[in-house]
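Respectively, the protein sequence lines represent chains A and B.
When the first sequence is numbered by the UniProt record's numbering, its final residue is 384 and no position is left out of the sequence of numbers.
When the second sequence is numbered by the UniProt record's numbering, its final residue is 384 and no position is left out of the sequence of numbers.
2 protein chains.
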Amino acid sequence: MATVQLESLEKCLERHVPPEELREVRRILYGKETRMLDLPLCALETAVERDFELKGLGFEAAPEQLRQPRIVRVGIIQNKIVLPTNAPVAQQVAAMHKRIGDLVEAAAMCGVNIVCFQEAWTMPFAFCTREKLPWTEFAESAEDGPTTKFCQELAKQYNLVVVSPILERDEVHGETLWNTAVVVSNSGHVLGKTRKNHIPRIGDFNESTYYMEGKTGHRVFQTQFGRIAVNICYGRHHPLNWLMFSINGAEIIFNPSATVGDLSEPMWPIEARNASIANHCFTCAINRVGMEHFQNEFTSGDGKKAHRDFGYFYGSSYIAAPDGSRTPSLSRTRDGLLIAEMDLNLCRQISDKWAFKMTGRYEMYAEELAKMVQPDFEPNIIKE
Amino acid sequence: MATVQLESLEKCLERHVPPEELREVRRILYGKETRMLDLPLCALETAVERDFELKGLGFEAAPEQLRQPRIVRVGIIQNKIVLPTNAPVAQQVAAMHKRIGDLVEAAAMCGVNIVCFQEAWTMPFAFCTREKLPWTEFAESAEDGPTTKFCQELAKQYNLVVVSPILERDEVHGETLWNTAVVVSNSGHVLGKTRKNHIPRIGDFNESTYYMEGKTGHRVFQTQFGRIAVNICYGRHHPLNWLMFSINGAEIIFNPSATVGDLSEPMWPIEARNASIANHCFTCAINRVGMEHFQNEFTSGDGKKAHRDFGYFYGSSYIAAPDGSRTPSLSRTRDGLLIAEMDLNLCRQISDKWAFKMTGRYEMYAEELAKMVQPDFEPNIIKE
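So this is what it looks like as C-alpha cells:
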C-alpha cells in the first residue's frame, strides 16, 4: 500500500483543485457531468446511522418523439465482511444477510428498481487460502438455497430485481461448485442464473482450484426495468465477454468483483468504462472493500513470504454510461450504496450516434477467431 | 469548449495537489510510475527553438535469465497543420514535410527507433467538408508517392522505422482512395501497408464519403526493433480490432487519430489504454492538435448551424503499457514529440501474469460471432 491512503480520488481533487479548473478536470476524467439525485432524508439518515456511504447520480438522455423515457434506478452495493473469517459459517452468512438487508432497505427508500451485490457476497474471498473447508460450506443452491430465498424476500418486499452473486453448489450435476449470479425478478421468482465465464490464474485468485469456466454463455435477463446481464469479476478483462452480452441485448451489464490494491487499481476505472463505451450500454463495476484476514498462512507464488491476507480491497465501485460519462466512485474505505438513475433510451441513442455495431464487421472477426484457434494457425506477420 | 482551457490534465494536478497525495492520485490514474528519460540537451534545445513539447518516459520490465532486455525507443508526434487549408496543396504538403522533418530530427537525437505520425498527416482533416477537390489531391501512392519517399529518406538518414499514415491513392485498383498507414523499415525499404479497418459515421467524420473499410486484415510488421501494428483512428473503438493485431503478435500497436473536443475527449484516455491492458501489449494513441478552418461552410447533421471548422483537436497523445501504467499526455494545445523507452519483454511477462489469452475461450466467441451475423440469429434472452 502507498503511504497516503486516499478515501477517494474525487474527494482529493475536490479539496485541492479550484472550482473552474475542477470542472474541466472532471469533464476530461469523467465526461458529461452527472446530475446529483435528491435522495429522501430517511435514506440519508439511515446511511449515517448504519455507517455506509450513500450517493445518487443521474444520467440524462434526449427526449424522443415515439418512445417514452425509460427511467430506471440501479443500486450497487460494496461492503466489508461483517464477522471475522474464523467465525462459524452460519453466523458469517447471517451477519452478511443482515448487513445487506440494511443497505437494500435504504435502496428501496430511494426507489431503486434493480440492485446488485458484490461477487460471492455471502463469504470472505477465501480462495487465496486454497483450503476447501470451511469455504466450500458457503456454497448454496442457486434455485432454493437460503441466500436465494433471502433475496426473493427482498425482491417481493421492495418490488426490486436482485442480482445475487454467490458460490453455487450444483447438486444435480455431481455436487459441482460454480461462481454464479442469481437473478431474482421483482415478482420474487428466480428469473435464472448466469455463471462466471473466465476464471483467473493470477496472484491470490486461486479460483481455478474451486470452480471451472461457466457454460451458461451470454444470456441476458429481460426484467420489468430493462435487459440486464452479469459479467462476473475477471470477465471484466475480456472485451469479447462484454460484447456478447451486449449483442444479446443487454442494456445494463453488472460486473460484481473482488479485486485488490496495486494489482488492479489503475485498471479498474478503465475496463468496465471501456465496455460501456464500446458496447453502447451501461456498466456497473462493483468491488468489495477492506481487508480480510485468515487463520492460516498461505503463499501467493510471488516469491514473497507467506501471509494471512489477500490484500486491500479498494472499493471504488462506479457506474458508467454509453456516452463515455461515469459517476464518481464509492469510497476506497467504507461500505457504500451507489444509485444511478438512467434513461435506457440513451443506449440506442448512442448506438445510432457512434454506430460501433453497424461498423463492427463481425463476419471478419468470426472467421479470424475460428482460424486463430486451429493448431496450424499462422500469425499474419510481414517481414523484410 | 469549456470556459477554462487546460494545457494538460497532468500540469493542472501537479499545480494543485500536494506531493504526497499527488503520488497516490497518479498511481490510481496512471498506474506504476514511469521513469523520466534523460534526453540530450541538443534535443531539448531544438524543441524550444522549434516550439514543440518534448517529453520522454521509460517503462521497466523485470530482468529474465534467458532473454536479454529488448529495449526500444518509440516516438509519437502530434502536430497542427502548418499552412491555412486554402493554401495550394503542394505548399501545404511541403510545409508538413518540413515540420515533421524537424521533429523527427529531434527524435533521432533522442535515439528513437520507431516513429509514428498522426492520421492523414500530410493534410488537414478535411473530410468534414464533403468536398472532393482539392482534398483528394492529397492522396498519394503508398509505395512510391512523395510522402513515402520522404519517409524513406528519414528512415535511412536516422536509422529508424517510420509509420506514416496517409490518404492513399491505389492506382492499380481503379484509382481507389484508402486511409492507409505505410510502414517504412529502418533500411529505407517499404515494409508494407495496412488500411483503416473501421470507418466512422459520426459527427463531422464524413470519411465514408471518401474511402471504404480496409481489406488488409490485421497484419503485423516484424521490424528490427519489435513487432508493430497500426490500428487507425476509429478502429480504437473496436476491441476486436486491437485483439486481432495482438493475436497476430503485435507488441506495439499505434493508433494514429484525429479526434475532437466534447465528442471524444473523455473516451480518449480509456480506449487505447484498455487495449494495452486487454492485449498485453503497448499502445500509442496519437491525436492531432489545434483548429482547422475551411473556406466553405458545411453542416454537421446535428441540427446546428453551418460552420467552418471541425472542432478542437485536443492532442493529449499518450503511450500505455500492458501492466496498466501509462505516460502523461502531450499537451492539449501544442505540437509535441512523446518518447517512451520500453522493454518489450514486459508484454510476455504480463501475459504470463494475467493470462488473458490463455483464459480467452476464443472457440466459444468464434462460434457465437458466427451465429450472430446470421439473418436468423436470435438473442439469448431469458424472460419470466
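Glycine included, every Cβ here is placed at the ideal spot set by N, Cα and C.
Annotation for LEU337/B: the continuous beta strand (DSSP E) segment containing it runs 336-343. With fewer than 16 other Cβ atoms from the protein chains shown falling within 10 Å of its own Cβ, ASN86/B counts as exposed. By the criterion of a C-beta distance shorter than 6 Å, HIS97/A is surrounded in its chain by PHE150, once the five residues flanking it on both sides are discounted. One thing to note: ASP335/A has its Cβ within 9 Å of the Cβ of GLU53/A. Using a Cβ-Cβ distance cut-off of 8 Å, the region 282-294 of chain A and the region 116-133 of chain A are in contact, since at least three pairs of beta carbons, one from each stretch, lie closer than that value.
In the DSSP assignment, CYS151/B falls within the unbroken alpha helix (DSSP H) covering 146-158. Note on CYS42/B: under 16 other CB atoms within 10 angstroms of its CB, so exposed under the neighbour-count rule. Using beta-carbon distances, GLU119/B does not count as an interface residue toward chain A, since no partner is under 9 Å. In this structure the region 314-325 of chain A lies against the region 260-274 of chain B, because at least three pairs of beta carbons, one per stretch, are closer than 8 Å. Taking all protein chains in view, the Cβ of SER257/B is crowded by 16 or more other Cβ atoms within 10 Å, so the residue is classified as buried. The DSSP-derived three-state label of CYS116/A is strand. Interface with chain B (9 Å Cβ-Cβ cutoff): VAL373/A is included. As computed with DSSP, GLY75/B is found in a beta bridge with VAL115/B, ILE339/B.
Three or more Cβ pairs closer than 8 Å define a contact, and the region 247-257 of chain B meets that threshold against the region 220-233 of chain B. Proximity of chain A to ALA258/B at the Cβ level (cut-off 7 Å) is not reached, the minimal Cβ distance being about 16 Å.
Distance from ASN179/A to GLU207/A at the Cβ level is roughly 7 Å; contact confirmed, criterion being Cβ atoms closer than 8 Å. The residue from GLY56/A, HIS307/A, GLN91/A with its alpha-carbon nearest to that of ASP38/A is GLY56/A. Segment contact: the region 67-87 of chain B against the region 337-344 of chain B, three or more CB-CB distances shorter than 8 Å; contact assigned. Exclusion of the five residues before and after MET123/B leaves PHE138 as the residues of its chain whose Cβ lies within less than 6 Å of its Cβ. Annotation: ARG334/A has no Cβ neighbours in chain B at a cutoff of 8 Å; minimum Cβ distance is about 17 Å. CYS281/B carries a coil assignment under DSSP once its states are collapsed to helix, strand and coil.
DSSP lists ASP309/B as the bridge partner or partners of HIS293/B. When secondary structure is reduced to three states using DSSP, ASP170/B falls in the strand class.
Under the three-state reduction of DSSP, ARG35/A is assigned to strand. Taking the CA atoms as reference points, LEU243/A sits about 22 Å from LEU191/A. Contact residues of the region 339-371 of chain A toward chain B are LYS353, TRP354, ALA355, PHE356, MET358, THR359, GLY360, ARG361, TYR362, GLU363, MET364, TYR365, ALA366, GLU367, GLU368, LEU369, ALA370, LYS371 (C-beta to C-beta distance below 9 Å). Chain A has no Cβ within less than 9 Å of the Cβ of ALA106/B. A residue is called buried when at least 16 other Cβ atoms come within 10 angstroms of its Cβ; PRO84/A does not meet this threshold and is exposed.
In this structure, GLU213/B sits near ILE199/B, with a CB-CB distance shorter than 9 Å. For PRO256/A, the pairing in a beta bridge is given by DSSP as ILE286/A.
In its chain, beyond the 5 residues on either side, VAL163, SER164, PRO165, LYS193, THR194, VAL230, ILE232, PRO256 have a beta carbon closer than 7 Å to the beta carbon of ALA181/B. Around the C-beta of GLU292/B, 16 or more other C-beta atoms lie within 10 Å, and the residue is accordingly described as buried.
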